[in-house]
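Novice:
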Amino acid sequence: MGWKHERIDQNVYSQGEVDKWVYSTCGLCSVGCGCYVAVKDDKIVGIKGNGEDPINRGRLGPKGENQWHANNAPDRLKTPMIRNQSGELEPASWEEAMQLVVDKAKQSLDEKGNNSVSIYSTGQGFFEDYYTIAKVGRAGLQTHLLDANTRLCTSTVEFALLQSFGADGTPASFDDIDEADTLMLFGHNVAESGTVLFERIMERKVRTGKPYLIVVDPRKTLTAKEADLHLQLSPGSNLPLMNGLINTLIEQDKVDKAFVEAHTVGYEKMKESVKGWTLAKTSESTGIPEDHLKEFYRVMCDTPSLVSTTLQGAFQSAEATKACVAINNFHLIRGLIGKPGCGPLHTAGQPSSSANRTAGGVGTYPAHRNPTNPAHMKEMAELWNVDQDSLPAGPEKGIEEIITHIEKEEVGFFWNIGTNPLVSLPNRSRIKKALESVFVVVQDPFLTETSAVADVILPVAMWGEKEGTMENADRTVTISRKAVEPPDGVRSDFEILLDFAKRMEFKDRDGQPLVDYSTPEECFEEFKRITKGRPCDMTGITYARLESLNGMRWPVPDEKSTGTPRLYSDYKFHTTVDDAQVFGKDQFTGRALSKEEFREIGAEGRAILQETYHLPPFEQPNDEYPMWLTTGRSVWHWHTRTKTARAPMLHMAAPHNYVEIHTEDARELGIVEGEVVRISSPRGEVEVPARIGEIVQKGLIFLPFHFGNLEKKESANNLTNDFVDPISKQPTYKQSACKIEKIRDEHKVKAGESLEEIASHYGLTAKELRAANNFSTPYEIEMGTTIEVPASVINTPIQPYTPHR
Amino acid sequence: MSYQFEELFTDIQKDNRIVLDEIEPFEHPLVVLLRSCLEEQEYMLERLIEEFEEGETELKDIKTNCSALFHANQKVNPYFAEWRRATGWIGYKDDNPSKELMASLQKMLDDMQDDLIEIASKLDEEYGESTTKYFIPTFYLPEERVN
Chain A
110 MGWKHERIDQ NVYSQGEVDK WVYSTCGLCS VGCGCYVAVK DDKIVGIKGN
160 GEDPINRGRL GPKGENQWHA NNAPDRLKTP MIRNQSGELE PASWEEAMQL
210 VVDKAKQSLD EKGNNSVSIY STGQGFFEDY YTIAKVGRAG LQTHLLDANT
260 RLCTSTVEFA LLQSFGADGT PASFDDIDEA DTLMLFGHNV AESGTVLFER
310 IMERKVRTGK PYLIVVDPRK TLTAKEADLH LQLSPGSNLP LMNGLINTLI
360 EQDKVDKAFV EAHTVGYEKM KESVKGWTLA KTSESTGIPE DHLKEFYRVM
410 CDTPSLVSTT LQGAFQSAEA TKACVAINNF HLIRGLIGKP GCGPLHTAGQ
460 PSSSANRTAG GVGTYPAHRN PTNPAHMKEM AELWNVDQDS LPAGPEKGIE
510 EIITHIEKEE VGFFWNIGTN PLVSLPNRSR IKKALESVFV VVQDPFLTET
560 SAVADVILPV AMWGEKEGTM ENADRTVTIS RKAVEPPDGV RSDFEILLDF
610 AKRMEFKDRD GQPLVDYSTP EECFEEFKRI TKGRPCDMTG ITYARLESLN
660 GMRWPVPDEK STGTPRLYSD YKFHTTVDDA QVFGKDQFTG RALSKEEFRE
710 IGAEGRAILQ ETYHLPPFEQ PNDEYPMWLT TGRSVWHWHT RTKTARAPML
760 HMAAPHNYVE IHTEDARELG IVEGEVVRIS SPRGEVEVPA RIGEIVQKGL
810 IFLPFHFGNL EKKESANNLT NDFVDPISKQ PTYKQSACKI EKIRDEHKVK
860 AGESLEEIAS HYGLTAKELR AANNFSTPYE IEMGTTIEVP ASVINTPIQP
910 YTPHR
Chain B
123 MSYQFEELFT DIQKDNRIVL DEIEPFEHPL VVLLRSCLEE QEYMLERLIE
173 EFEEGETELK DIKTNCSALF HANQKVNPYF AEWRRATGWI GYKDDNPSKE
223 LMASLQKMLD DMQDDLIEIA SKLDEEYGES TTKYFIPTFY LPEERVN
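So the sequence lines, in the order shown, correspond to chains A and B. For the first sequence, position 151 (counting from the first letter as 1) is numbered 260 according to this note's numbering, and the numbering increases by one without interruption. For the second sequence, position 75 (counting from the first letter as 1) is numbered 197 according to this note's numbering, and the numbering increases by one without interruption.
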């Protein structure tokens, strides 16, 4: 039911034929497109899509097509660096750098204890990296402080799934999107964040008219423009929207009572929590007109099949986990799960953030083992051949909590792998101050903004220069083969982790090396054994099968299995006490529940319908900061642009930051197109050009978060607050309060000067100057009048993007 | 030992009640969450104090309530810190709490946490690390044995 035709997208810059095409998977977004890397003279010179891969049938997005340029960027780091006593980073040998890393880790362990060492990793590595981080972190360093930028990306996915189904793993897959009558894209601007998946959706829609497309987004995004129904809700009102829908379903008596009775627990409590969310109240709370809501209810309550996808508009918003759980609740009470074309599909941003969760590099233990269940921990201890008492137990700590521990001087060693927190974390000034106070290792191919606080920098191999496996947003495990050797002086994350484990002399219970594999494939084979019998069972996966079958969705329990397109088709959920990945959290406060409390829920293999009581966003516009600020992505860039800024086409398409302001707000404030304005919040400020239009709603501004140069005032995270979701601990980037200020010079009109002349003098048009001063006629200036002139106007064209062909 | 536990839990309860009273006028969403956690602490403290008033107790009688108490407290501190930051950003004015109030609340919350760390240490001594690590959050356990 997927793509009708293949289309091989290709971007190669080579004189003559390439030497070889090497099997790989795109390393940009979470769709996980199959591809081949072009190699000539031992250098990556391009990429083409894999026509056999069912995910993309050869297609590639603009970022994917251009990712290889970064491999050849002239500013690749090719030697480790150490900060000297004068505070300068200077080149060092690997021996010097690794010895310093090990010395500092040991010093911190000795002086401050195990929980003084923190590893903060990524969603862009391989299973093999994450699993090694888990083993080194949990059994070697024995620290509780393992987290990753997946906290900013998909921790809400994990906790929404844990709260409802007892284990991670998104129930539906991309195949279900191909079969759904209705597709709800909830805070998911897939046209820009997962371009190929959006093409896949639209290819079918153009061909068959299906699916009916509902887009829930406060902005008129490229995705929203293709919607049958765009619900342009007010910031922070995701949960009221879902509560209104569920209340309507119940009032219309359209609940699948047989399904609820047989396969769920908690219905009455859930029902009570949505009571009172009438059409009028929901409309008032969400800002969505009642007739739009009625249409939404009609479609959602009657559709025979439904896939609901979510992304950062859900995950990084107020009540993130509750809103995603409400989506799960809706699917459950309509019985739209475990069937073709049905189910929640909570996606991901990064190419392998799901893999980090599955491998245990973040959150829970490998293969969905519960850190609060002694039986699971006993199993882990046996599998790793270590003392059970040495393994840290209990619920995880998120990065914002780790920052608090750093501020309290409880952390002595912070190892930052493949992420750029000085651009990506909220409330940047706080993060910078905290990281300046601790020993920081930065592991990255480039000198990122975070290098400013690094004490050691370890240069690493990039996509195409190493081998390993990833997991995309629909549980598909894929392989990326090594196409070329990394540049001289550069090592892979995996090699660095192995070297660290060896130097630290981590041993198992028999005195043998804790980490005794030496290649990614050996590591994967060990991880496979760890997954046996768990929800993400990968027993039937081998590197060779991944390549020949173009990926497989877990579970793959044996060599005959080709994977599992959708979970819970037997309606057996992971909610028995022995099986559950965690014992859950209080749905309102986020307080971790105990085994006994989880047992009292009585799910025993049934899904859990959770309460979804509404609480307003933690920060809202006020007298001083009257506007909503939301942040997000552009189609042309990826995260903090470490890779995409080094691809000429992508850089040229969107070379600097900007702010989207609604036409009416701009008119009221007298702001002209391209005028550099100051946006400030209680945390800081930026000065960026305005893009005026109606993508944002009135009262809301939008800044892409990709730009973060420390020397410029352009980073969205100068402004954002650092509150987190009570359950997933994911920061709420989407709702901060801010204000817009004009940056103006003054011009005193001289005798005989015309508006046109003045405008021309400042590089403006007369129309712009009139707008900047709210003049309604050309006759409002006279000698001696002081008029305002925008201090700077920058043409900010963003290259248009056609989201489907 | 029972008496010592009872005394410590009673100390926490006193501070807990004061904090609940002090935050009563405020309705910021973070205070709503903070209050929920403090009320949960209150409930668990009452159960635990009752249990210890009756004399020697067994672990099975206190484990669930202890776990809920410690884990609620683990949420209390970040919610309070977030509310304090939020208040600083909004400004200490009008109907918002004063800086002095925030400082005094912080002191009581710190005292509560110190008492809980002491309780965790005593429970750890009595029942052993293999047991306590599964119901007491890591960061309340003795520093020399953090896992």
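The beta carbon of each residue, even a glycine, is placed where N, CA and C say it ideally should be.
When the cut-off is 8 Å and only beta carbons count, does B:Val-154 lie next to chain A?
Specialist: At least one chain A Cβ lies under 8 Å of B:Val-154.
Novice: Taking only beta-carbon atoms, is B:Leu-170 less than 8 Å away from chain A?
Specialist: No Cβ of chain A is located within less than 8 Å of the beta carbon of B:Leu-170.
Novice: Does any C-beta atom of chain B lie closer than 8 Å to the C-beta of A:Arg-654?
Specialist: no
Novice: Drop a sphere of 10 angstroms on the beta-carbon of A:Pro-906, count the other beta-carbons inside from all chains shown, and report buried for 16 or more, exposed for fewer.
Specialist: exposed
Novice: Could you give the first and the last residue of the continuous beta strand (DSSP E) run that contains A:Lys-632?
Specialist: Per the sequence shown, residue 632 of chain A should be read as Cys rather than Lys. Careful: A:Cys-632 lies outside any beta strand (DSSP E), inside the alpha helix (DSSP H) at 629-640.
Novice: Give the DSSP bridge partners of B:His-193, in chain order.
Specialist: Partner(s): none; B:His-193 has no beta bridge.
Novice: Taking its Cβ as the centre, do 16 or more other Cβ atoms sit within 10 Å of B:Asn-269, making it buried, or is it exposed?
Specialist: Low local confidence applies: a pLDDT of 46 at B:Asn-269 is under 50, so the model's placement there is unreliable, and no value is given.
Novice: Considering only C-alpha positions, which residue in the set A:Lys-838, A:Leu-828, A:Pro-835, A:Glu-360 is nearest to A:Ile-849?
Specialist: Ranking the options by Cα distance to A:Ile-849, first place goes to A:Leu-828.
Novice: Looking only at C-alpha atoms, which of A:Lys-215, A:Trp-493, A:Pro-535, A:Asp-831 sits nearest to A:Thr-749?
Specialist: A:Pro-535
Novice: Can you tell me whether A:Met-190 is buried or exposed? The criterion is at least 16 other CB atoms within 10 Å of its CB, across all chains shown.
Specialist: buried
Novice: With distances taken from CA atoms, which of A:Asp-287, A:Thr-895, A:Lys-807 is nearest A:Glu-778?
Specialist: The sequence shown places Leu at residue 778 of chain A, rather than the Glu named in the question. Measuring from the Cα of A:Leu-778, the nearest candidate turns out to be A:Lys-807.
Novice: Taking only beta-carbon positions, decide if A:His-477 is within less than 8 Å of chain B.
Specialist: So, not an interface residue.
Novice: Classify A:Gln-119 as helix, strand or coil using the three-state DSSP reduction.
Specialist: If DSSP states are grouped into helix, strand and coil, A:Gln-119 belongs with the strands.
Novice: Using a Cβ-Cβ cut-off of 8 Å, state whether A:Ser-869 counts as contacting chain B.
Specialist: Cβ-Cβ to chain B under 8 Å: no for A:Ser-869.
Novice: Anything in chain D within Cβ reach of B:Ser-220, meaning under 7 Å, just list it in chain order.
Specialist: The chain inventory of the structure shown lacks chain D, comprising the protein chains A and B.
Novice: Is A:Val-495 helix, strand or coil by DSSP?
Specialist: A:Val-495 falls in the coil class under three-state DSSP.
Novice: Quick one: Cα of A:Lys-62 to Cα of A:Lys-541, how far?
Specialist: Given that chain A is displayed from residue 110 to residue 914, the structure contains no residue 62 of chain A and the question cannot be resolved.
Novice: Hey, how far is the Cα of A:Tyr-652 from the Cα of A:Phe-307?
Specialist: 29 Å
Novice: For a contact defined as C-beta to C-beta under 9 Å, what are the partners of B:Phe-202 on chain A?
Specialist: None at all; the shortest Cβ gap to chain A is about 12 Å.
Novice: In the region 676-709 of chain A, which residues sit with their C-beta less than 7 Å from some C-beta in chain B, listed in chain order?
Specialist: Phe-697, Thr-698, Gly-699, Arg-700, Ala-701, Ser-703, Glu-705, Glu-706
Novice: Since A:Glu-862 sits in a beta bridge, which residues does DSSP pair it with?
Specialist: DSSP, once it has assigned bridges, lists no residue as partnering A:Glu-862.
Novice: So what's A:Met-571 in DSSP terms, helix, strand or just coil?
Specialist: Residue state, collapsed to three classes: coil.
Novice: Are there 16 or more other CB atoms within 10 angstroms of the CB of B:Ser-124, so buried, or fewer, so exposed?
Specialist: exposed
Novice: Can you pull out the residues from the region 723-735 of chain A whose beta carbon lies closer than 8 Å to at least one beta carbon of chain B?
Specialist: Leu-724, Pro-725, Pro-726, Phe-727, Glu-728, Asn-731, Glu-733
Novice: Return no unless some Cβ of chain B is closer than 8 Å to the Cβ of A:Gly-521.
Specialist: no
Novice: For a cutoff of 8 Å on Cβ pairs, would you count A:Gly-503 as touching chain B?
Specialist: Closer than 8 Å to some Cβ of chain B, the Cβ of A:Gly-503 qualifies, so yes.
Novice: Just to confirm before moving on: does the CB-CB distance between B:Leu-155 and A:Thr-587 stay below 8 Å?
Specialist: no
Novice: Mind pulling the chain B residues with CB within less than 8 Å of A:Glu-510?
Specialist: Ordered by position in chain B, the residues that pass the 8 Å Cβ test against A:Glu-510 are Pro-200.
Novice: Using a Cβ-Cβ cutoff of less than 6 Å, which residues in the same chain neighbour A:Arg-787 once the five nearest sequence positions on both sides are dropped?
Specialist: Glu-794, Glu-796, Glu-850, Ile-852
Novice: Tell me which same chain residues have a C-beta within less than 8 Å of the C-beta of A:His-114, skipping the five on either side of it?
Specialist: Excluding residues up to 5 positions away in sequence, Arg-166 lie with their Cβ nearer than 8 Å to the Cβ of A:His-114 in the same chain.
Novice: Within its chain, find whatever has a CB closer than 6 Å to the CB of A:Val-299; leave out the 5 residues flanking it on each side and keep chain order.
Specialist: Leu-306, Phe-307, Thr-332
Novice: Closest Cβ-Cβ distance between A:Phe-832 and chain B: below 8 Å?
Specialist: At a cut-off of 8 Å between C-beta atoms, A:Phe-832 counts as an interface residue with respect to chain B.
Novice: Out of A:Asp-284, A:Ser-382, A:Asp-362, which has the shortest C-alpha to C-alpha gap to A:Arg-443?
Specialist: Considering only A:Asp-284, A:Ser-382, A:Asp-362, the residue with the shortest C-alpha distance to A:Arg-443 is A:Asp-362.
Novice: Going by C-alpha distance, which of A:Leu-261, A:Ala-429, A:Lys-244, A:Ala-464 is nearest A:Gly-278?
Specialist: Looking at the Cα atoms, A:Ala-464 is the closest of the given residues.
Novice: At a Cβ cut of 7 Å, what residues of the region 231-252 of chain B count as close to chain A, listed as they run along the chain?
Specialist: Against chain A - using a Cβ distance shorter than 7 Å - the residues of the region 231-252 of chain B are Glu-251, Ser-252.
Novice: Within 10 Å of its beta-carbon, does B:Tyr-214 have 16 or more other beta-carbons around it, so buried, or fewer, so exposed?
Specialist: Label assigned to B:Tyr-214: exposed.
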